[in-house]
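Residue numbering for the sequence shown is -18 to -1, 1 to 675, as defined by mature numbering (1 follows the signal peptide of the UniProt record, and there is no 0). From the three backbone atoms N, C-alpha and C, an ideal C-beta is built for every residue, glycine too. One structure below.
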Amino acid sequence: MLKKLLLLFFFFTINAFAQQPADSIPAKNTLQEVIISNYHVNDSLLNAPASIGVLSAAQLQRNNLSDISPVLNTLPGVFMQSGGINTNRISIRGIGARTPYGTNKIRAFYGSIPLTSGDSETTIEDIDLEIIDQVEVIKGPLSSLYGAGLGGAILLSPKLAAASGSTGRVSSTHGSFGLMKNTIGYSLNTETASLNLSYHKLETGGYRDNSAYNREGVTLAGELFRRENSKLTYFGNYTYMKAFIPSSIDKATFENNPRAAAFTWNASKGYEQYDSYLGGLAYDWKATNWLKNSTSVFVNFKQSYEPRPFDILTQDTKAWGARTHFFGDFKLREMKSQFIAGLEYFNDGFKGGTYANLYQDNNGQGSLQGDRLTGSEQKRDFINAFAQLRVQLSRKFEMQAGLNYNKTQFELDNTFPAEATSSESYSYKGIWSPQVSLLYKPSKWQTVYASVSRGFSLPAIEETLTANGTINPNIKPENGYNFEVGGKFYLLDKNLYAEISLYRMQIKDLLVAQRVGNDQYVGVNAGETLHQGIEASLNYNWQLGTDLALRPYAAASIGKYEFKEFVNNGIDYSDNNLTGVPNNKINAGFTLLIPKGLYLSADYYYVDRLPLNDANSLYADGYNLLNAKAGWRHELFKGFLAHISAGVNNATDTRYASMVLVNATGVNGASPRYYYPGLPVNYYGNVSVSYSF
């Protein structure tokens, strides 16, 4: 199949070149070139020899301002499952699909601050969408700069003050199932400094039983001491969150009573609660005309408390780190070249424990903390050294090469009960991850690339443990090579942007989480998986009049994700479809801009069926979703902007599983609980005003 897709890709490429005169693009009323963050070796999406999905601030606010999954799922190759605002799993090209809970194998950053813990868990859903300027999703291990994770990296750019002077803004959103979000913000921008201060409160009663959600956050970001050759960027965030957990349900409950919570989670009124603090500083300075440096430091504290039916979990996590990199331009034998080279250090640790949950003796009042059951401490740290070089071989050809080196170690202390105390440490061998790519530019507005890269994924600490809690030194990191070709094209006088990529990645030493208790899993290196497919996207700008435009888009992911060699507990699953990810996904939609500031947008999603277990004996049904939104944006008088909008999600009231628990097992003879029901048809409205002075 891939050979046929390659032929189709090259036919499309040649045909596109034949139709488009080189460098003949008018400047007005066309699609704007997408700029990516300055942490890359270049800042142009068109010239990046990689598949990078980009979401602007306007796209992030395309839905109800409370949930990132609808907009993230418009990117081909990206699949974000959402069992609730606080319960998510992100997979990229099938990487990370088998994780029982949460997201791993993908690194994420907010500016220069990591959102991925030392235990490889990534959380982006508690960052307020209204303080994000842009999201970039690097697919696959193509970035040496961000740790060469198998799945890739997600970069969230903080929103800084945009306009000079002062701006105040207020926003309020209300919707179905008790959704309410209020935001107030102020920004200031002068010649030498800026600040952007924002507060938000988000709450919902929830569609399901025991699913109420409450979050508050304060964010401060800006720049200080701005000069021609230097600036200091600062960022701080505090988040409080309390989310009740309905958990997953079995098939019969999903079909007959999807609003129900899992019985024991409802009886115990299980929830997750935490206070989180993020802070960071970044100093950028220009040493010479050809050499610059960016150095950043960060801290992250999180205190969490999670009553569950089987116990109560407490964790106190502290992390800190630093990152520095030099970058610049030079000539290599008369060839224009750019480089980045740097070092990242990350250190985190936590103290935690579990307590008995006496909810059954609490007269229906929910969880009640009992005696201590376990106690543990963990310390984790790693070093990433990275370098990337871009060389312009000729007017039409350029090459990029990168290298990442990772060295990780951790310590584990079991501190309770006294008869089970222990102390262990372990260090993985250093991992080298190279990357090389070649870019061809037939014209200024069209590029074709090919790349080869190696990535890895370290086990979570829990996956490195045996059933009795000691470290298993035989566990290996997952690793694999990614082969990719692709092209990016501006066509039709730069009114059409098309992107296509074909990839193949084979992952060795596949980590399999085997359940040995209610919330206890052990890891096993059990085989290989194969990830291959094609991704394509189109964006078109149809200017119908001076103030009238139609902007449709379409995106598709066609993949084949399978176990290449996989034997687990004596059962051979080789050649089965990979669990928890659909092979095919299609998105399409449009925005219609109408005179007087009116607009209408719609988004369509098709998700193919996906296997629920490694045996492929059960599948979650595929589904179709339709979202729509209409609004009015107008400057009532100078500096005063008003915006009113209303929307509907799941307009066809489709019943579907918005998230699944892969390889679920029934406890005490109960049916396995695979399903997290998605929201039925739901509505929302938003009013916002801002004043600049």
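Per DSSP, the bridge partner or partners of W247: Note: W247 sits in no beta bridge, so no partner.
By the three-class DSSP mapping on this structure, what secondary structure does A175 have? Looking at A175 - three-state DSSP - the assignment turns out to be coil, as it is neither helix nor strand.
Which parts of the segment 214 to 282 are runs of the alpha helix (DSSP H), unbroken and 4 residues or longer, counting only runs that do not cross its ends? Runs of the alpha helix (DSSP H) inside the segment 214 to 282: 233 to 238, 245 to 250.
On the criterion of 16 or more Cβ atoms from any shown chain inside 10 Å, does P455 qualify as buried, or is it exposed? Around the beta carbon of P455, fewer than 16 other beta carbons sit within 10 angstroms, so the residue counts as exposed.
Name the DSSP beta bridge partners of Q525, please? Paired residue(s): A531.
If you follow the alpha helix (DSSP H) that I424 is in, where does it begin and where does it stop? The sequence as given places Pro at residue 424; Ile does not occur at that position. According to the DSSP assignment, P424 belongs to no alpha helix (DSSP H) but to the beta strand (DSSP E) extending over 413 to 425.
Cβ-based neighbour list, A304, same chain, cut-off 8 angstroms, excluding 5 preceding and 5 following: The beta carbon of A304 sits closer than 8 angstroms to the beta carbons of T277, S278, V279, F280, E326, Y327 from its chain, once the five residues preceding and following it are set aside; these are given in chain order.
Express the C-alpha separation of S158 and L623 in angstroms, rounding to a whole number. Taking the Cα positions, L623 is about 26 angstroms away from S158.
Would you check if the segment 401 to 415 and the segment 91 to 99 touch, i.e. whether three or more CB-CB distances between them fall below 8 angstroms? The segment 91 to 99 makes no contact with the segment 401 to 415, as fewer than three CB pairs between them are under 8 angstroms.
Starting from L295 and walking both ways along the beta strand (DSSP E), at which residues does that stretch end? Looking at the DSSP string, the run of the beta strand (DSSP E) that includes L295 is 293 to 314.
Local conformation of D635 per DSSP, three classes: Here D635 sits in coil by DSSP.
How big is the Cα-Cα spacing for Y658 and G437? One Cα belongs to Y658, the other to G437, and the distance between them is close to 31 angstroms.
Counting Cβ pairs, one atom from each stretch, are 3 or more of them under 8 angstroms apart for the segment 99 to 118 and the segment 348 to 355? No contact exists between the segment 99 to 118 and the segment 348 to 355.
C-alpha gap between E316 and E380, whole angstroms: Going from the Cα of E316 to the Cα of E380 covers about 13 angstroms.
Helix, strand or coil: which one does DSSP assign to S126? Residue state, collapsed to three classes: helix.
How would you label V549, buried or exposed, when you count the other beta carbons within 10 angstroms and need 16 or more for buried? Residue burial annotation: V549 is exposed, with fewer than 16 other C-beta atoms found within 10 angstroms of its C-beta.
My assumption, with CB atoms under 8 angstroms, is that residue 695 sits in contact with A537. Please give the rounded CB distance. Summary: the structure shown does not reach residue 695, with the chain confined to residues -18 through 675, and so no result is reported for it.
Decide yes or no for the touch test of the segment 138 to 148 against the segment 40 to 55: beta carbon pairs closer than 8 angstroms, at least 3 of them. Proximity of the segment 138 to 148 to the segment 40 to 55 falls short of the contact definition, fewer than three beta-carbon pairs being nearer than 8 angstroms.
For Q41, which of helix, strand or coil comes out of DSSP? Here Q41 sits in helix by DSSP.
Could you give the distance in angstroms between the alpha-carbon of T573 and the alpha-carbon of D585? Their Cα atoms are separated by approximately 9 angstroms.
Is the beta carbon of L661 sitting closer than 8 angstroms to the one on Y189? Yes, these two residues count as a Cβ contact at 8 angstroms.
By DSSP's criteria, S627 is part of a beta bridge. Which residues make up the other side? Paired residues: G613, N668.
Please classify D49 as buried or exposed, where buried requires at least 16 neighbouring CB atoms within 10 angstroms. A residue is called buried when at least 16 other Cβ atoms come within 10 angstroms of its Cβ; D49 meets this threshold and is buried.
By Cβ distance, which residues of its chain are closer than 8 angstroms to W272, with the 5 residues on each side in sequence left out? G310, D311, F312, listed in sequence order.
Start and end of the beta strand (DSSP E) containing S53? Residue identity check: residue 53 is Val in the sequence provided, not Ser. Counted as a single uninterrupted DSSP element, the stretch harbouring V53 is not any beta strand (DSSP E) but the alpha helix (DSSP H) occupying residues 51 to 54.
According to the Cβ coordinates, are E210 and S176 closer than 8 angstroms? If you check the CB distance, E210 and S176 do not come in under 8 angstroms.
Assuming D363 is part of the beta strand (DSSP E), what are its boundary residues? According to the DSSP assignment, D363 belongs to the beta strand (DSSP E) that extends over 351 to 374.
Straight-line gap, Y587 to G629 (C-alpha atoms, nearest Å): Roughly 16 angstroms separates the two Cα atoms.
For T446, the three-state DSSP class (helix, strand or coil): Looking at T446 - three-state DSSP - the assignment turns out to be helix.
Best match in K251, D298, S212, S230 for proximity to N275 [C-alpha to C-alpha]: Among K251, D298, S212, S230, the Cα nearest to that of N275 is on S212.
Use the C-beta contact count for A400: other C-beta atoms within 10 angstroms, 16 or more gives buried, fewer gives exposed. Within 10 angstroms of the beta-carbon of A400 lie fewer than 16 other beta-carbons, which makes it exposed.
Take the Cβ of V663 as the centre, count every other Cβ of all protein chains shown within 10 Å, and call the residue buried at 16 or more, exposed below. If you draw a 10 Å sphere on the C-beta of V663, you find fewer than 16 other C-beta atoms in it, and that means exposed.
Residue of D596, A612, Q255, E466 minimising C-alpha distance to N68: Comparing Cα-Cα distances from N68 to each of D596, A612, Q255, E466, the minimum goes to Q255.
For L427, count neighbouring C-beta atoms within 10 Å of its own C-beta (all shown protein chains included) and say buried if the count is 16 or more, exposed if not. For clarity, residue 427 is Trp in the given sequence; the question names Leu instead. Using a 10 angstroms sphere on the CB of W427, the tally of other CB atoms reaches 16 or more, which defines it as buried.
For P289, which residues of its own chain have a beta-carbon under 7 angstroms away from its beta-carbon, when the five flanking residues on both sides are left out? Answer for P289: S250, G252, Y253, N339, S349, listed in chain order.
Give the secondary structure of D343 by DSSP, where H, G and I count as helix, E and B as strand, and everything else as coil. In the three-state reduction of the DSSP assignment, D343 falls in the helix class.
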